[in-house]
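Okay, so the sequence shown: first residue is 101 according to our numbering, each after it adds one.
Think of the CB as a built atom: it goes at the ideal place given N, C-alpha and C, for glycine as much as any other residue.
Read the structure below first, then the notes.
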Amino acid sequence: RNTADSNAYKFYQNSEGIDVRDGLLYFVTKKSKSLYILDLDALTYTRTSTVSGAFDGQPDQIKRIIDQDPKSDMLYFCEDNGSDSGVHARDYEGNFYTIIDSD
């Protein structure tokens, strides 16, 4: 447990949101502004930055919107950035899109 607590403090402080589909678990961290994707079957993970374009705040809640074709799925992020918040999305290839911006 001590190792897990230490790793959580170092790598994924202030975790928010969670979504899971097809053996992949997604969550975001506010402190490092990262998206983690855990492959629950392979016991591997990837971490990418959520800072992209208009998305410069802290990631908050996430939700995958499922399409008939998994390659058309979008992972939506709420942005916590005070009065300048928005909703953004990430596609299957890792491209980011601004859906709603408060400006």
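Original post:
In chain order, which continuous runs of the beta strand (DSSP E) of length 3 or greater are located wholly inside the region 141 to 180?
Top reply: Whole beta strand (DSSP E) segments, 3+ residues: 144 to 149, 158 to 165 and 174 to 180.
Original post:
Apart from the five residues just before and just after residue 149, which ones in its own chain have a Cβ nearer than 7 Å to its Cβ?
Top reply: Around residue 149: 133 and 134.
Subject >> Beta-carbon spacing of residue 163, residue 176 below 9 Å >> reply: Yes.
**OP:** Inspect the beta-carbon positions of residue 127 and residue 140 and report whether they are closer than 9 Å.
**Re:** Inclusion of residue 127 and residue 140 in the CB contact set at 9 Å is not warranted, their separation being larger than that value.
Original post:
Could you give the distance in angstroms between the alpha-carbon of residue 119 and the alpha-carbon of residue 125?
Top reply: Taking the straight line from one Cα to the other gives about 6 Å.
**OP:** Rounded to whole angstroms, what's the CA-CA distance from residue 106 to residue 143? Just pull it up for me.
**Re:** Distance from the CA of residue 106 to the CA of residue 143, rounded to the nearest whole angstrom, comes to 19 Å.
Original post:
Is it the case that the Cβ atoms of residue 202 and residue 173 are separated by a distance below 9 Å?
Top reply: No, these two residues do not count as a Cβ contact at 9 Å.
**OP:** Could you tell me how far apart the beta carbons of residue 160 and residue 178 are, in whole angstroms, since I believe they sit closer than 8 Å?
**Re:** Right, the Cβ-Cβ distance comes to about 4 Å (below 8 Å), so this counts as a contact.
**OP:** Would you tell me roughly how many angstroms separate the C-alpha atoms of residue 198 and residue 123, rounded to the nearest one?
**Re:** Each residue's Cα considered, the two are about 27 Å apart.
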